[in-house]
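2 protein chains.
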Amino acid sequence: MNENTNKVQFQQLFGTKIKELRKLKKLSLRQLSQRCNLDYSDIAKYEKGEVNIQLSTVFELSKGLEVHPKVLFDFDFLFNAD
Amino acid sequence: MNENTNKVQFQQLFGTKIKELRKLKKLSLRQLSQRCNLDYSDIAKYEKGEVNIQLSTVFELSKGLEVHPKVLFDFDFLFNAD
Chain R
15 MNENTNKVQF QQLFGTKIKE LRKLKKLSLR QLSQRCNLDY SDIAKYEKGE
65 VNIQLSTVFE LSKGLEVHPK VLFDFDFLFN AD
Chain V
15 MNENTNKVQF QQLFGTKIKE LRKLKKLSLR QLSQRCNLDY SDIAKYEKGE
65 VNIQLSTVFE LSKGLEVHPK VLFDFDFLFN AD
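Now the structure itself:
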């Protein structure tokens, strides 16, 4: 698996984690967006791993989901040894 | 403390954590940059919290430091209730 696939996969795993946490909290996309400075349609893209988001968005998602930022990265991920 | 201070503080805490991990591994900026696709002068800026980095850079830093991405976010951080 080459470098870029790895990065895209990382982005997708992060997105899946966001969705998992949102569902756990029984929040719709709109409800989550109202808890942080993010648009619900953007959050939908983040959950599909379509956006290479920035730290400021990680911050907003943590705030909206009321979890520490490290929880957003709590998923299994193996770096492929090149 | 207003919203933006919070975000800048978050960025700085993240940067401090990167530096801490790099020192723990006894790596210079150049040595770390050789382990991932990042320029050493950029890494120096990240460590000072000067850049709102993207997930792809989080990925590279984790690879270079050989730690799971969630370790990069393992620092104390309190969201200020607005």
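Chains R and V, in that order, give the protein sequences. Quick note on my numbering: the first sequence kicks off at 15 and runs consecutively. Quick note on my numbering: the second sequence kicks off at 15 and runs consecutively. Backbone N, C-alpha and C define an ideal beta-carbon position, used for all residues, glycine too. From a predicted model like this one, the values you see are computed outputs, not experimental measurements.
Whose C-beta lies closer than 6 Å to the C-beta of residue i among residues of the same chain, with five residues either side of it excluded?
| i | result |
| --- | --- |
| Val65(R) | Lys59 |
| Arg49(R) | Gly78 |
At which residues does the alpha helix (DSSP H) containing residue i begin and terminate?
| i | result |
| --- | --- |
| Glu61(R) | 54–61 |
| Leu43(V) | 43–48 |
| Leu92(R) | Taken as a continuous stretch (DSSP letters only), Leu92(R) belongs to no alpha helix (DSSP H), as it is neither H nor E. |
| Val72(R) | 69–79 |
| Lys84(R) | 83–86 |
Considering only DSSP beta bridges, list what residue i is partnered with.
| i | result |
| --- | --- |
| Gln23(R) | Partner(s): none; Gln23(R) has no beta bridge. |
With a threshold of 9 Å between beta-carbons, can residue i be considered close to chain V, or not?
| i | result |
| --- | --- |
| Gln25(R) | yes |
| Leu86(R) | yes |
| Ile32(R) | no |
| Lys21(R) | yes |
Leaving aside the five residues before and after residue i along the sequence, list all residues of the same chain whose C-beta is less than 7 Å from its C-beta, in chain order.
| i | result |
| --- | --- |
| Lys33(V) | Glu61 |
| Phe24(R) | Phe91 |
Using a beta-carbon distance below 9 Å, is residue i in contact with chain R?
| i | result |
| --- | --- |
| Lys59(V) | no |
**Request:** Could you name the residues of the stretch 62–85 of chain V whose beta carbon sits closer than 7 Å to any beta carbon of chain R, in the order they occur along the chain?
**Result:** Residues passing the 7 Å Cβ filter: Asn66, Ile67, Gln68, Leu69, Ser70, Phe73, Lys77, His82, Pro83, Lys84.
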